[in-house]
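From first to last, the protein sequence lines stand for chains F and Y.
Going letter by letter, the first sequence gives residues 24 to 297 in my numbering.
Going letter by letter, the second sequence gives residues 2 to 313 in my numbering.
Yeah, the Cβ is synthetic: ideal placement off N, Cα and C, and Gly gets one too.
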Amino acid sequence: MIMVTTAVARVLAGDELRARRAAAVTERNLVAFRTGGTYWWLVVSGFAEPLLYLLAIGWGVGALVGDMELPDGRVVPYLTFLAPALLAAAAMNGAIAESTMNFFAKMKFAKLYDSVLNTPVTPVEIAFGELGWAMLRGAMYTGAFLVVMVVLDVTSPVRALAAFPAALLVGFAFGALGMAFATLMRSWQDFDYVGIVQFAVFLFSGTFVPVASYPVAMQVLVQVSPLYHGVELIRSITTGTVGWGHLWHLAYLLAAVVLGLAVAARRMARLLLG
Amino acid sequence: MDGGEALIRARGLVKRFGEFTAVDGIDVEVRKGEAFGFLGPNGAGKSSTMRMIGCVSAPTGGELAILGMDPLRQGPAIRARLGVCPQEDNLDIELTARENLTTYARYFGIPRATARRRADQLLEFVQLADRAGSKVDQLSGGMRRRLTIARSLVNEPDIVLLDEPTTGLDPQARHLVWERLFRLKRQGTTLVLTTHYMDEAEQLCDRLVVMDGGRIAAEGSPRELIEQHATREVVELRFGVTALEPFADKLAGIGERLELLPDRILLYADDGDAAAAEVYARNLSPSGVLVRRASLEDVFLHLTGRTLVETG
Ligand SMILES: Nc1ncnc2c1ncn2[C@@H]1O[C@H](COP(=O)(O)OP(=O)(O)OP(=O)(O)O)[C@@H](O)[C@H]1O
Ligand SMILES: [Mg+2]
Numbered sequence: 024m025i026m027v028t029t030a031v032a033r034v035l036a037g038d039e040l041r042a043r044r045a046a047a048v049t050e051r052n053l054v055a056f057r058t059g060g061t062y063w064w065l066v067v068s069g070f071a072e073p074l075l076y077l078l079a080i081g082w083g084v085g086a087l088v089g090d091m092e093l094p095d096g097r098v099v100p101y102l103t104f105l106a107p108a109l110l111a112a113a114a115m116n117g118a119i120a121e122s123t124m125n126f127f128a129k130m131k132f133a134k135l136y137d138s139v140l141n142t143p144v145t146p147v148e149i150a151f152g153e154l155g156w157a158m159l160r161g162a163m164y165t166g167a168f169l170v171v172m173v174v175l176d177v178t179s180p181v182r183a184l185a186a187f188p189a190a191l192l193v194g195f196a197f198g199a200l201g202m203a204f205a206t207l208m209r210s211w212q213d214f215d216y217v218g219i220v221q222f223a224v225f226l227f228s229g230t231f232v233p234v235a236s237y238p239v240a241m242q243v244l245v246q247v248s249p250l251y252h253g254v255e256l257i258r259s260i261t262t263g264t265v266g267w268g269h270l271w272h273l274a275y276l277l278a279a280v281v282l283g284l285a286v287a288a289r290r291m292a293r294l295l296l297g
Numbered sequence: 002m003d004g005g006e007a008l009i010r011a012r013g014l015v016k017r018f019g020e021f022t023a024v025d026g027i028d029v030e031v032r033k034g035e036a037f038g039f040l041g042p043n044g045a046g047k048s049s050t051m052r053m054i055g056c057v058s059a060p061t062g063g064e065l066a067i068l069g070m071d072p073l074r075q076g077p078a079i080r081a082r083l084g085v086c087p088q089e090d091n092l093d094i095e096l097t098a099r100e101n102l103t104t105y106a107r108y109f110g111i112p113r114a115t116a117r118r119r120a121d122q123l124l125e126f127v128q129l130a131d132r133a134g135s136k137v138d139q140l141s142g143g144m145r146r147r148l149t150i151a152r153s154l155v156n157e158p159d160i161v162l163l164d165e166p167t168t169g170l171d172p173q174a175r176h177l178v179w180e181r182l183f184r185l186k187r188q189g190t191t192l193v194l195t196t197h198y199m200d201e202a203e204q205l206c207d208r209l210v211v212m213d214g215g216r217i218a219a220e221g222s223p224r225e226l227i228e229q230h231a232t233r234e235v236v237e238l239r240f241g242v243t244a245l246e247p248f249a250d251k252l253a254g255i256g257e258r259l260e261l262l263p264d265r266i267l268l269y270a271d272d273g274d275a276a277a278a279e280v281y282a283r284n285l286s287p288s289g290v291l292v293r294r295a296s297l298e299d300v301f302l303h304l305t306g307r308t309l310v311e312t313g
């Protein structure tokens with residue numbers, strides 16, 4: 024019994040150590056961010072971007088589309104339908120930008136991780152730490168977006184609060200997948216593919232119209248898109264239509280996180296620990 | 002604490018990259034408190050060896066123990082006690098000099114206040130205190146090198162691995178680095194370094210191995226190596242022409258041994274002046290004659306048949 028407890032304690036102590044080392048990687052980004060001095064610009068753009076999106080697409084297009092019917096039969100303005108999807112997309116875009124471009128540059132050009140790996144920090148911890156940073160940035164954008172949504176009366180404050188972690192999870196999933204992808208890339212050209220895929224995913228994940236209105240083949244295919252699961256999850260929260268079925272979306276996103284991190288850490292070890 | 006304790010022990014250590022063997026079965030033992038050197042030309046396998054010792058590159062074969070631990074299973078625990086100055090500076094270009102040290106300290110789990118204190122001490126130590134707030138790209142190459150060395154000390158390591166610590170430094174900065182490394186050694190830190198510079202090896206190393214083509218060609222203290230593989234003195238002869246073979250024939254028998262280089266002939270003799278006199282006595286009139294003490298350069302030449310630093 025005592026042996027089991029000490030073994031557990033040792034594992035937990037090890038995990039705590041690992042968490043601290045991952046946190047040091049996140050912290051490094053905070054320091055660089057502060058030194059870079061672009062802090063205010065980021066906060067301002069964090070608010071401006073979603074606002075512009077919501078106004079331009081939501082109100083402009085919404086006036087043409089009219090009202091939408093939710094799965095539970097309620098009829099809501101188009102903006103109420105669209106806003107949570109744009110939030111999910113914003114979380115995706117932010118996470119992908121950080122985890123592909125920035126991560127790739129740090130790994131291949133700045134050789135940042137070569138020096139980090141000379142310390143006790145391991146590849147998995149770097150992956151976690153970088154994701155942690157992407158999440159911090161994502162949290163800022165997501166928070167701003169939700170505030171705007173509440174102000175525009177698209178959702179209630181309580182629902183916005185509940186949607187916050189869901190949006191972070193979407194960012195986490197795309198951050199992990201993006202990072203895994205970055206470790207597979209050979210040059211900047213490969214990023215063009217990321218852009219194309221990202222845009223297709225943005226358009227066809229039940230973002231602008233309910234998935235039920237897609238052709239049947241598309242309805243099946245869309246299940247692959249992590250954004251689809253993010254959109255469904257966040258939309259159900261901000262519109263108050265959450266059901267047990269949404270656990271599936273949650274599970275899918277969590278699986279994407281695990282898969283992305285596992286691939287990223289393995290590939291990093293191969294690339295950097297030759 | 003008996004001074005004989007091996008902090009690094011390698012037996013038949015091998016590193017292969019695909020088909021290519023970079024490190025070909027070397028035996029190395031580094032004892033506590035000593036300064037140990039890997040001396041060798043480009044591609045000898047010095048950095049490959051250093052990376053294995055630094056636990057960032059898995060050995061392909063052989064045994065390796067660092068601080069009594071296994072690099073494969075206890076990498077983080079070992080690295081926590083190593084300081085590494087890699088061959089190529091990989092400082093964090095987005096940060097200032099001081100932040101480079103403080104953030105690096107955080108990777109070791111060092112508390113922030115301690116990190117700041119050490120950063121300031123180390124900047125002082127490598128004479129960069131006045132550049133603490135400069136971003137890395139505003140520093141000169143030599144300053145960056147010194148900052149990288151400072152960074153390797155931030156966790157107060159038991160062993161410092163320095164891969165060509167002074168390459169690219171001006172003479173003044175080199176002497177500063179040597180002096181600082183000397184101080185570390187006096188404080189009991191074990192130093193492991195690679196170099197192509199003979200004078201560096203002679204200055205810093207208690208013991209060294211000469212590496213060539215992934216193998217160890219010789220091992221010992223600088224003095225021992227010179228005694229074993231060279232004579233006391235060397236006469237360098239230049240004749241102002243490129244075809245030196247005819248001269249070599251005529252020089253046969255003078256001194257113990259003779260080495261033909263592209264631009265000069267080296268005569269190994271315990272009494273250099275006597276050998277030089279003999280050259281003149283044979284009616285050979287060299288355009289340049291230099292009598293000097295033998296160095297590790299000569300050891301290297303003898304062992305590998307090649308010069309260590311390319312002579313033009
Ligand atoms: N990652 C790698 N992949 C393939 N070959 C490698 C790799 N790293 C080193 N090598 C090869 O291994 C050999 C030894 O390289 P290493 O860097 O250890 O030499 P070195 O003694 O440090 O040389 P230098 O004085 O130029 O730094 C070289 O021929 C090099 O091309
Ligand atoms: Mg090297």
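Partners in chain F for residue i, counting only beta-carbon separations shorter than 8 Å
i	result
D93(Y)	R51, A55, A133, L135 and S138
CB contact below 8 Å: residue i versus chain F
i	result
V161(Y)	no
V127(Y)	no
T104(Y)	yes
I150(Y)	no
L8(Y)	no
A81(Y)	yes
G62(Y)	no
R107(Y)	yes
G313(Y)	For G313(Y), the predicted structure reports a pLDDT of 35, less than 50, and the residue's modelled location is therefore unreliable. The matter cannot be settled from this model.
W179(Y)	no
Chain F contact residues for residue i, given Cβ-Cβ distances below 9 Å
i	result
V85(Y)	S138, N141 and T142
E165(Y)	Within 9 Å Cβ-Cβ: nothing; E165(Y) doesn't reach chain F, min ~16 Å.
Within chain Y, the residues that residue i reaches when beta carbons sit closer than 8 Å
i	result
G155(F)	Those within 8 Å of G155(F) in chain Y number zero; the least Cβ separation is about 14 Å.
T145(F)	G76 and P77
L296(F)	V57, S58 and A59
R43(F)	G110
Residue i, buried or exposed, once every other Cβ within 10 Å from all chains shown has been counted against 16
i	result
N116(F)	buried
F43(Y)	A small fix is needed here, since residue 43(Y) is Asn in this sequence, not Phe. It is exposed - the Cβ of N43(Y) has fewer than 16 other Cβ atoms within 10 Å.
F126(F)	buried
F1(Y)	Since the displayed chain Y opens at 2 and closes at 313, residue 1(Y) lies outside it and no answer follows.
G4(Y)	Note that G4(Y) scores a pLDDT of 47, beneath 50, so its modelled location is shaky and nothing firm can be said.
I219(F)	exposed
T123(F)	buried
A277(Y)	buried
L123(Y)	buried
S68(F)	exposed
G313(Y)	Below a pLDDT of 50, predicted positions are generally treated as unreliable, and G313(Y), at 35, falls in that range; the measurement from the model is reported next regardless. By the 10 Å Cβ count, G313(Y) comes out exposed.
G253(F)	buried
P238(F)	exposed
N284(Y)	exposed
S236(F)	exposed
Q212(F)	exposed
Per-residue contacts from residue i into chain Y (C-beta, under 7 Å)
i	result
G59(F)	E95
Residue-chain proximity (residue i, chain A), Cβ-Cβ < 8 Å
i	result
E100(Y)	In the structure shown, chain A does not exist; the protein chains are F and Y.
CB contact below 8 Å: residue i versus chain Y
i	result
A47(F)	yes
Open item on the list: Check whether the region 38-58 of chain F and the region 142-151 of chain F are in contact - that is, three or more C-beta pairs closer than 8 Å.
Closed with: yes
TODO: Say whether the region 75-82 of chain Y touches the region 140-153 of chain Y, bearing in mind that this needs 3 or more beta-carbon pairs closer than 8 Å, one atom from each stretch.
DONE: At 8 Å Cβ cutoff, the stretches do not touch.
Open item on the list: Under 8 Å: do the region 174-181 of chain Y and the region 267-286 of chain F share three or more Cβ pairs, one atom per stretch?
Closed with: The region 174-181 of chain Y and the region 267-286 of chain F do not touch, with fewer than 3 CB-CB distances between them shorter than 8 Å.
Open item on the list: If contact is defined by three or more beta carbon pairs under 8 Å, each pair taking one atom from either stretch, is the region 256-268 of chain Y in contact with the region 229-247 of chain Y?
Closed with: The region 229-247 of chain Y vs the region 256-268 of chain Y: in contact.
Open item on the list: List, from N- to C-terminal side, the alpha helix (DSSP H) runs of 4 residues or more that fit wholly inside the region 163-223 of chain F.
Closed with: 180-207
Task: Runs of beta strand (DSSP E) lying entirely within the region 199-278 of chain Y, each at least 3 residues, in chain order - done: 208-213, 216-221, 234-239, 258-261 and 266-270
Open item on the list: Suppose only complete runs of 3+ residues qualify. What are the beta strand (DSSP E) ranges in the region 10-83 of chain Y, listed by chain order?
Closed with: Listed in chain order, the complete beta strand (DSSP E) runs (minimum 3 residues) inside the region 10-83 of chain Y are 21-32, 36-40 and 62-67.
Task: Validate contact between the region 158-166 of chain Y and the region 179-197 of chain Y using beta carbons, cut 8 Å, 3 pairs - done: yes
- [ ] Go through the region 56-105 of chain F residue by residue and report every complete run of the beta strand (DSSP E) that reaches 3 residues or more, in order.
- [x] 90-92 and 98-100
Task: Sequence ranges, alpha helix (DSSP H) only - wholly within the region 128-188 of chain Y, length at least 4 - done: 142-152 and 172-187
TODO: Flag this pair as touching only if the region 219-231 of chain F and the region 250-267 of chain F have three or more C-beta atom pairs under 8 Å; answer yes or no.
DONE: Cβ pair count under 8 Å is three or more, so yes.
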